[in-house]
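To start, the structure itself, in structure tokens.
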Amino acid sequence: MNSLKPDLLQLRKIRDQYLLWLTQKGTRQKKINEWLGIRNETEDQYALMMEDEEDLPHHEERTWYVGKINRTQAEGMLSGKRDGTFLIRESSQRGCYACSVV
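In terms of numbering that gives the first Met the number 0, the sequence shown opens at residue 0 and continues consecutively.
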């Protein structure tokens, strides 16, 4: 299930974008809920499937943004970490950032 979480989060964001679009076009919430098979807010199965985004390990910037370090230091910090572990650092190019991933 953990490997599906990024995909599920992306699908949830797409779903929410469409729901917002429908609302902006004047579609009533009652009709949207009917299409989704939701009789009340507690029955929103998609919302129940997802964890709160605040619970995700990358939600807090301090867990992945390391600021001004060089590539060698970044590689050292990531050495021995699990696949998928990443960090963001300031690039040597002014105003740019670099992403290092295991």
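Note that beta-carbon positions come from the ideal geometry of N, C-alpha and C, so glycine has one too.
| Asked | Found |
| --- | --- |
| Which of helix, strand or coil does DSSP assign to Arg88? | strand |
| Buried or exposed: which applies to Arg88, given that a residue is buried once 16 or more other Cβ atoms fall within 10 Å of its Cβ? | buried |
| Find the nearest neighbour of Asp82 within the set Asp15, Ser99, Gln9, Tyr64, judged by alpha-carbon distance. | Ser99 |
| Could you check if Leu86 is buried or exposed, using at least 16 other CB atoms within 10 Å of its CB as the buried criterion? | buried |
| Note down the Cα distance separating Arg105 from Asp6, rounded to an integer number of angstroms. | Outside the displayed span of the chain (0 to 101) sits residue 105, for which this structure offers no information. |
| Could you have a look at Gly83 and say whether DSSP puts it in helix, strand or coil? | coil |
| I'd like the list of long-range same chain contacts for Met0, defined as Cβ closer than 8 Å, with 5 residues on each side in sequence excluded. | Because Met0 sits at a pLDDT of 48, beneath the cut-off of 50, its placement in the model cannot be relied upon, and the point is left open. |
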